[in-house]
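Everything below concerns the one structure shown next.
Numbering (the UniProt record's numbering), first residue to last: 1 to 112.
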């Protein structure tokens with residue numbers, strides 16, 4: 001009984017290793033083109049990457065901080081619900097790009 005109570009009480013969560021917890025932007029249903037045309041969710045699209053906002057990072061993450069926008073493949077994601085909200089759990093290596101004010105114009109953003 002105490003375990004169930006702890007799950008509902010909103011315990012702090014610490015991400016491990018190279019994990020990144022992100023919140024999806026917008027809905028996964030229909031979307032709007034830059035010209036304002038509504039594209040239904042059933043429209044066939046090639047492999048499409050998605051943007052999300054990082055809300056937490058593990059201790060071994062080197063290129064992402066909370067608040068960064070990250071680009072990733074939505075087919076390679078693990079969904080999790082925390083405190084009643086849905087999030088996506090990624091590994092840092094599954095992130096294709098990072099958008100943030102702190103990134104320099106001449107920096108590649110790549111590391112080996």
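We put the CB at the ideal spot given by N, CA and C, even for glycine.
None of the values given here were measured: they were computed from a predicted structure.
Closest in C-alpha terms to residue 87, from the list 47, 37, 51 and 34, comes 51. Following the DSSP letters along the chain, one finds residue 78 inside the beta strand (DSSP E) bounded by residues 78-82. Here residue 19 carries a strand assignment [DSSP, helix/strand/coil]. In this structure, residue 98 lies away from residue 61, with their beta-carbon atoms at least 8 Å apart. The residues 20, 21, 22, 64, 65, 66, 67, 68, 69 and 70, in chain order, have a CB closer than 8 Å to that of residue 54 in the same chain once the five nearest residues on each side in sequence are set aside. Around the beta-carbon of residue 90, 16 or more other beta-carbon atoms lie within 10 Å, marking it buried.
Across the structure, residue 57 and residue 15 are spaced so that their CA atoms are roughly 6 Å apart.
Rounded to whole angstroms, residue 85 and residue 78 show a C-alpha spacing of 14 Å.
One thing to note: residue 72 has its Cβ no nearer than 8 Å to the Cβ of residue 38.
Judged by their CB atoms, residue 102 and residue 18 are not nearer to each other than the 8 Å cut-off. Comparing alpha carbon positions, the residue from 13, 35, 49 and 76 closest to residue 25 is 49.
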